[in-house]
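Beneath this line is the structure, given in structure tokens, with notes to follow.
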Amino acid sequence: MIEKVLVPDVGEAQDVEVIEVLVSEGDIIAADDSLVVLESDKASMEIPSSCEGRVVRVLINEGDQVEEGSLLVEIETEGDAEPDREPEPEPEPEPEPEEKAETEAGESPRNSVSQTKRTETPAGSGEPLSSEPSGLAPPPRKSEPPAPASGLHAGPAVRKQAREYGVELTLVNGSGRKGRVLKEDVQGYVKSRLQSGSGSKGGMGIPEIPEMDFTRWGEIEFSPLSRTRKASARNLHRSWLNVPHVTQFDEADITELEKFRTLQNEVRNKEGVKLTPLAFLIKAVVDALIRFPRFNSSMASDHEHLVLKKYYHIGIAVETEDGLVVPVLRDADSKGVVQLANESAELAAQARDKKLPMDAMQGATFTLSSLGGLGGTAFTPIVNAPEVAILGVSRSRVAPVFNGAEFEPRTLLPLSLSYDHRVIDGAEAARFTTYLASVLTDMRKILM
Ligand code: CAO
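The opening position of the sequence shown corresponds to residue 225 in the numbering used here, with each subsequent residue numbered one higher.
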């Protein structure tokens with residue numbers, strides 16, 4: 225026998241939409257299993273199955289608009305079920321604990337719904353998700369319904385509440401009978417998420433990414449985050465949310481600088497000095513900061529002033545096995561390239577050995593993030609607020625550059641300057657990177 229499940233009498237309700245399809249073709253279902261959730265302009269309702277059997281056809285998709293009498297699902301039953309049978313009149317059931325909770329939570333009891341028009345459909349009918357009298361026609365409830373096909377026990381009002389809060393119901397522990405999820409459970413879940421601090425992920429009115437039960441798709445493993453990674457995640461997130469970022473890209477011709485650096489490394493090898501492009505970059509950046517003071521500033525807390533700093537402390541982003549750490553190289557304007565190279569190498573080593581004193585990570589006025597030793601052509605670093613700019617450096621490459629007469633091989637260094645657009649305009653950023661590139665091309669400019 226094939227039972228047809230139709231949309232029941234929806235009374236005055238308009239724009240009835242399929243918001244959840246809870247079964248798929250081939251599913252074996254029990255009587256009262258929920259099949260589909262509908263929502264109108266006034267209320268929501270679950271359409272349960274009136275019989276047990278196998279779903280042979282699902283005729284609707286989520287988002288479809290339906291109306292009274294629309295065919296939703298066909299169920300193959302064993303035996304001689306009568307699809308067009310008249311419903312048995314049944315007494316009004318005692319409210320379940322869940323219903324009580326819903327009532328306590330401020331909604332009117334289902335009894336008020338039961339006073340609205342009630343019509344049976346040929347094969348099953350709906351129950352309202354909200355208790356607003358709506359014209360949607362709930363059937364008398366027979367007994368505690370069995371778990372729906374999804375295995376989740378939750379009434380329509382609870383499902384609606386979960387949808388409104390953006391809560392994945394499978395993650396909520398049900399405290400009702402047979403593990404049924406109640407309204408208090410959803411409220412408790414939201415409260416605990418907020419208290420645990422994870423709610424702050426969705427701070428500033430930003431909707432949180434819904435939590436997923438990844439085990440639905442395969443095996444998973446939980447890996448704890450290190451304290452360093454958690455701290456840098458908080459800082460990065462805060463900066464990302466507070467600072468309107470723009471990234472300016474440029475290239476510096478460092479052909480001559482690389483020749484000089486290679487030569488210096490050969491000469492100073494015996495002294496144990498190793499010069500990477502980083503020390504020259506710090507030197508050039510400080511010179512650019514002196515010429516463009518806004519890049520060495522912070523937005524005052526009144527948001528009406530800039531704090532222009534007269535010192536040049538450069539943060540160096542260092543990759544460690546525990547995550548990103550940014551030690552600060554102080555008074556970089558008063559140091560030569562060799563000292564900058566030694567100090568930055570020392571700070572990086574201390575960071576990796578977890579030997580940095582706390583104050584070594586404070587007070588930077590500008591940050592440099594070099595991925596040049598690793599690769600890449602460009603990236604968009606996140607400003608290390610309250611600083612207003614950060615320079616990302618990628619790997620240099622030799623490329624043909626036209627000199628007006630012919631192409632010649634030049635060594636080009638990619639620069640990615642992210643900045644706080646509240647403080648720095650795009651034109652200023654372009655001037656800054658242009659100047660910086662020119663200094664890297666000819667470091668003698670610093671003398672001028
Ligand atoms: N182009 C080409 N080669 C480069 C280069 C560049 N831009 N920058 C460095 N190199 C070379 C170095 O010269 C060195 O070569 P040799 O081994 O032949 O001498 C090699 O790459 C490795 O350099 P390094 O990375 O060890 O040293 P460094 O001074 O360039 O950088 C440090 C030090 C601490 C910045 C770096 O080790 C590091 O941790 N970088 C990662 C920073 C990070 O994760 N940033 C992302 C944060 S998100 O904004």
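Just so you know, even glycine gets a beta-carbon here, dropped at the ideal spot from N, CA and C.
Nearest residue (CA-CA) to residue i, options the options
i	options	result
E270	V280, E241 and E249	E241
H529	K578, C275, V231 and R646	R646
D239	I284, E292 and D256	E292
G597	Y413, R621 and P581	R621
V396	K384, G390, Y389 and D409	D409
P501	N493, N489, K494 and E495	N489
I433	V297, E392 and L548	E392
S606	G600, L592 and G599	Looking at the sequence shown, residue 606 is not Ser but Ile. Answer by Cα proximity: L592.
G650	F504, T471 and T601	T471
R485	E475, P232 and V497	V497
A381	I514, G412, T394 and K407	K407
K415	R440, A386, D437 and Q563	A386
S248	R440, D644, A524 and V282	V282
Q289	F656, S264, V279 and I299	S264
A556	A565, V549 and V550	A565
L460	G547, G599 and S521	G547
N252	V531, V279, K494 and S463	The identity of residue 252 in the sequence shown is Ile, whereas the question assumes Asn. It is V279.
L639	R451, E475, L259 and G235	E475
R492	Q563, A661, K228 and Y659	Q563
L637	D583, G600 and S525	G600
Y659	L487, D233 and F519	F519
S399	P468, G379 and M582	G379
S642	E445, P232, T394 and V467	V467
T544	S463, Y413, S450 and A629	S450
Beta-carbon proximity list for residue i, same chain, < 8 Å, skipping 5 on both sides
i	result
L595	F603, G616, V617, S618 and R619
S568	L502, A503, I506, I540 and L553
P551	G539, I540, V542, L571, A572, Q574, A575, L580, A584 and M585
A524	L530 and V531
E286	V242, I243, E244 and V245
Inter-residue spacing [alpha-carbon to alpha-carbon] between residue i and residue j
i	j	result
I670	I430	45 Å
V261	L246	8 Å
D577	K534	31 Å
G250	H377	21 Å
G560	E443	54 Å
M672	F516	15 Å
T665	E435	49 Å
C275	L230	13 Å
T439	L296	30 Å
P624	E388	58 Å
D256	S447	41 Å
K228	I284	13 Å
V405	I648	52 Å
D437	T657	45 Å
E495	L487	14 Å
N627	M667	20 Å
K483	N608	32 Å
M582	S463	20 Å
D526	I514	25 Å
E652	V549	29 Å
Q411	E445	28 Å
The ligand HEM heavy atom lying under 8 Å from the CB of residue i
i	result
A572	Of the ligands this structure carries, namely the ligand CAO, none is the ligand HEM.
Residue i, enclosing beta strand (DSSP E) - first and last residue
i	result
I299	L295 to E300
A541	A541 -> no beta strand (DSSP E), and no H or E assigned at all.
D677	No information on residue 677 is available, as it lies outside the stretch 225 to 672 that the chain covers here.
Y389	First-last for Y389: P380 to Y389, but that is the alpha helix (DSSP H), not the beta strand (DSSP E).
Y535	Here Y535 belongs to no beta strand (DSSP E), and DSSP marks it neither H nor E.
M523	S521 to M523
K228	I226 to L230
V617	A613 to V617
The alpha helix (DSSP H) enclosing residue i, as first and last residue numbers
i	result
L664	G650 to T665
T452	R451 to N466
P501	P501 to R515
V260	Segment S258 to E263 is the beta strand (DSSP E) holding V260; no alpha helix (DSSP H) there.
L571	V561 to R576
Nonlocal neighbours in the same chain, by C-beta distance under 7 Å from residue i, ignoring five residues either side
i	result
V663	A508, D511, A512, K669 and I670
I403	A small fix is needed here, since residue 403 is Gly in this sequence, not Ile. Closer than 7 Å at Cβ, skipping near neighbours: H377.
S654	Before going on, a small fix: residue 654 reads as Ala here, not Ser. For A654, where only same-chain residues beyond five positions count, the Cβ hits under 7 Å are Q472.
S294	L230 and V231
Same chain, Cβ closer than 6 Å to residue i, five either side skipped, listed in chain order
i	result
S522	V531 and P610
I243	V261 and E263
E298	I226, K228, V280 and R281
Legend entry - the stretch 530 to 546 contacting the stretch 580 to 589, beta-carbon criterion three pairs below 8 Å: yes
Legend entry - Three-pair Cβ contact test at 8 Å for the stretch 607 to 614 versus the stretch 448 to 455: no
Inset, instruction - Taking 8 Å as the threshold, find out whether the stretch 463 to 481 comes into contact with the stretch 618 to 635 through three or more Cβ pairs. - result: yes
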